[in-house]
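Protein chains in written order, with my numbering: chain A, 4 to 92; chain B, -5 to 176.
All residues carry an ideal CB built from backbone N, CA and C; glycine is no exception.
All values derive from a computational prediction rather than experimental measurement.
Notes to accompany the following structure.
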């Protein structure tokens, strides 16, 4: 794996507390001393947040798709009737 | 720019998750509707609330230490009730809700939609790969199968390449979108 990818892996292990403890301590020390590496670690943390939000949006889309299918497909007629009957009472 | 399509893998559909969502809908939504109907809710409100509950439930299932003392249906229904109580408390103060813990399902929306749209357009494949691992938390084995990589090692390398690519794009774009991450 090329150097920049190894750096990403080290940052990930440092951020998540995974991997070898000695390696994490070494990364910690490097981050304290190297401002570029510190900035990269910060951006990497932000990236995980962005990915999480992206994942959640994808899940929302999937749920909407299922909802749409359940309320429009003839395959789910009995489900639709059951739900509508609850609100007709 | 990194090229991530050298192996020309084909993404497999996430059918299993869709099936699970469909099952939860069929099993629990009628109960949720009955519960909300009794409390004056209509169908649209029930759908909206149930979808919110599904997201919370799904994310709970992904937590390492999540060990519910009841079945999926009962747990999901419990979340529906909490969501309803919280929504009601938001619209008007209700006495006796001190015991209802707020559900920490929504992180503050700090990611501008402009940036999200850009990432979807410029690197959807990478974003899909990354969310599969970091949000859905599928294993490297499943990841390599879903995205068609020859080995877990190869999928791991692609994952880090994607992480680097997206990180650098965010860094670059953040300069033009001002201090939105502060």
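Can you tell me whether residue i is helix, strand or coil according to DSSP?
i, result
"residue 65/B", "coil"
"residue 84/B", "helix"
"residue 127/B", "helix"
"residue 57/B", "coil"
"residue 35/B", "coil"
"residue 24/B", "helix"
"residue 93/B", "With a pLDDT of only 46 at residue 93/B, under 50, the local geometry of the prediction cannot be trusted, and the value read off the model is given with reservation. Residue 93/B falls in the coil class under three-state DSSP."
"residue 66/A", "helix"
"residue 145/B", "coil"
"residue 105/B", "coil"
"residue 0/B", "With a pLDDT of 35 at residue 0/B, under the threshold of 50, the predicted position of this residue should be treated as unreliable, and no value is reported."
"residue 160/B", "helix"
"residue 99/B", "Because residue 99/B sits at a pLDDT of 46, beneath the cut-off of 50, its placement in the model cannot be relied upon, and the following sentence gives the value as read from the coordinates. Three-state DSSP puts residue 99/B in coil, outside helix and strand."
"residue 61/A", "helix"
"residue 167/B", "helix"
Please state if the CB of residue j and the CB of residue i are separated by a distance shorter than 8 angstroms.
i, j, result
"residue 167/B", "residue 129/B", "no"
"residue 44/B", "residue 60/B", "no"
"residue 12/B", "residue 69/A", "yes"
"residue 25/B", "residue 71/B", "yes"
"residue 82/A", "residue 20/B", "yes"
"residue 158/B", "residue 7/A", "yes"
"residue 143/B", "residue 74/B", "no"
"residue 47/B", "residue 77/B", "yes"
"residue 86/A", "residue 31/B", "no"
"residue 46/A", "residue 165/B", "yes"
"residue 127/B", "residue 155/B", "no"
"residue 131/B", "residue 79/B", "no"
"residue 34/A", "residue 40/A", "yes"
"residue 52/B", "residue 62/B", "no"
"residue 105/B", "residue 24/A", "no"
List the endpoints of the continuous alpha helix (DSSP H) containing residue i.
i, result
"residue 77/A", "Element bounds for residue 77/A: n/a, residue is neither H nor E."
"residue 14/A", "6 to 19"
"residue 34/A", "24 to 36"
"residue 135/B", "134 to 141"
Between residue i and residue j, how many whole angstroms is the CB-CB distance? I'm expecting something under 8 angstroms.
i, j, result
"residue 216/B", "residue 137/B", "Beyond the ends of chain B as shown, which are -5 and 176, falls residue 216/B; an answer cannot be given."
"residue 73/A", "residue 49/B", "With 8 angstroms as the limit, residue 73/A and residue 49/B do not qualify as a contact, their Cβ atoms being about 17 angstroms apart."
"residue 65/A", "residue 15/B", "6 angstroms"
"residue 116/B", "residue 163/B", "7 angstroms"
"residue 121/B", "residue 54/A", "7 angstroms"
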